[in-house]
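For reference, the structure discussed in these notes is given below.
Number of protein chains: 2
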Amino acid sequence: MHFGERIKELRESKELLQRQLAASLEIDTPMFSKIERGDRRAKREQVLLLAKLLEANEDELLTLWLADQVYDLVKDEDVASNALRVAEEHFHYGKSESTNTSRV
Amino acid sequence: MHFGERIKELRESKELLQRQLAASLEIDTPMFSKIERGDRRAKREQVLLLAKLLEANEDELLTLWLADQVYDLVKDEDVASNALRVAEEHFHYGKSESTNTSRV
DNA sequence: TTATATTTGTCAAATATTGACAAGTCATAA
DNA sequence: TTATGACTTGTCAATATTTGACAAATATAA
Numbered sequence: 003m004h005f006g007e008r009i010k011e012l013r014e015s016k017e018l019l020q021r022q023l024a025a026s027l028e029i030d031t032p033m034f035s036k037i038e039r040g041d042r043r044a045k046r047e048q049v050l051l052l053a054k055l056l057e058a059n060e061d062e063l064l065t066l067w068l069a070d071q072v073y074d075l076v077k078d079e080d081v082a083s084n085a086l087r088v089a090e091e092h093f094h095y096g097k098s099e100s101t102n103t104s105r106v
Numbered sequence: 003m004h005f006g007e008r009i010k011e012l013r014e015s016k017e018l019l020q021r022q023l024a025a026s027l028e029i030d031t032p033m034f035s036k037i038e039r040g041d042r043r044a045k046r047e048q049v050l051l052l053a054k055l056l057e058a059n060e061d062e063l064l065t066l067w068l069a070d071q072v073y074d075l076v077k078d079e080d081v082a083s084n085a086l087r088v089a090e091e092h093f094h095y096g097k098s099e100s101t102n103t104s105r106v
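Protein chains in written order, with the numbering used here: chain U, 3 to 106; chain V, 3 to 106.
Structure follows, in structure tokens:
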């Protein structure tokens, strides 16, 4: 599930039009359309606003929004999965940061 | 292990000076210094060239280089780990893309 | 047809990134 | 002390990327 898909789901379940949400975000309808289709990326504050407007879980939307950006960043690289693992390890940093970059 | 740290390790093990590698990359020494300290990001082609110059594994360096970028992107977000997991799922896409965004 | 909703393409403005330069610190040698 | 070499820091202009607006297209329904 990508961010835009989820926004569309939520928007349609509330029977709102793109132009209505676009107006609330103070962008035009074409821009909103692009965000929904994943063609353009929403700004962080727009994500928070959408969570409010759509009465959706803020963390869920932030997660999808951030995941899209991560995916975009790594999708063309052979080492994508390894890079995600190493990045994840940076959070669980202990003395034992093994950084085994030689996995599949 | 971050990209710059690894570059520094490799550079020192070969007893090369920053200015020597900088010249090979056609950037100045301050720029190289910043890359090594993680203050600036190397370009992809520079990573490949460094792998050659330092006789290092290309995939290892690309992994660290990409992981730094991923980490930079998510490090300030509470949902960082979830986002990495969702992004990872996008690679293993099957019909069952469950996208459980409601984890810790 | 007409009206409404959404999408597509293009452009300029805003923003972010890159690299060069000058000047700084730090360590060592003379 | 001064001088030298390696590296670092701060700032700026050039470049690249992203954002948003606009016009026009397509789609869907009445």
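For each residue, glycine too, the CB sits at the ideal point set by N, CA and C.
Check                                                                                                                  : Outcome
C-beta neighbour in chain U for residue 22 of chain V, strict 8 Å                                                      : no
Interfacial residues, the stretch 33–55 of chain U to chain V, with Cβ spacing under 8 Å                               : none
Within-8 Å CB hit, residue 78 of chain V to chain U                                                                    : no
Inter-stretch contact at 8 Å, needing at least 3 Cβ pairs: the stretch 55–68 of chain V / the stretch 66–81 of chain U : yes
Residue 84 of chain U: first and last residue of the uninterrupted alpha helix (DSSP H) it sits in                     : 82–93
Test: residue 12 of chain U CB closer than 8 Å to a CB of chain V                                                      : no
Proximity of residue 33 of chain U and residue 42 of chain U at Cβ, strictly below 8 Å                                 : yes
CB of residue 63 of chain V within 8 Å of CB of residue 52 of chain V, strictly                                        : yes
Endpoints, alpha helix (DSSP H) assigned at residue 51 of chain V                                                      : 46–55
Host alpha helix (DSSP H) of residue 36 of chain V (start-end)                                                         : 31–38
Proximity below 8 Å, CB of residue 37 of chain V to CB of residue 6 of chain V                                         : yes
Residue 83 of chain V at chain U interface by Cβ criterion, 8 Å                                                        : yes
Terminal residues of the alpha helix (DSSP H) in which residue 24 of chain V lies                                      : 20–27
Coarse secondary structure for residue 41 of chain V, derived from DSSP in three states                                : coil
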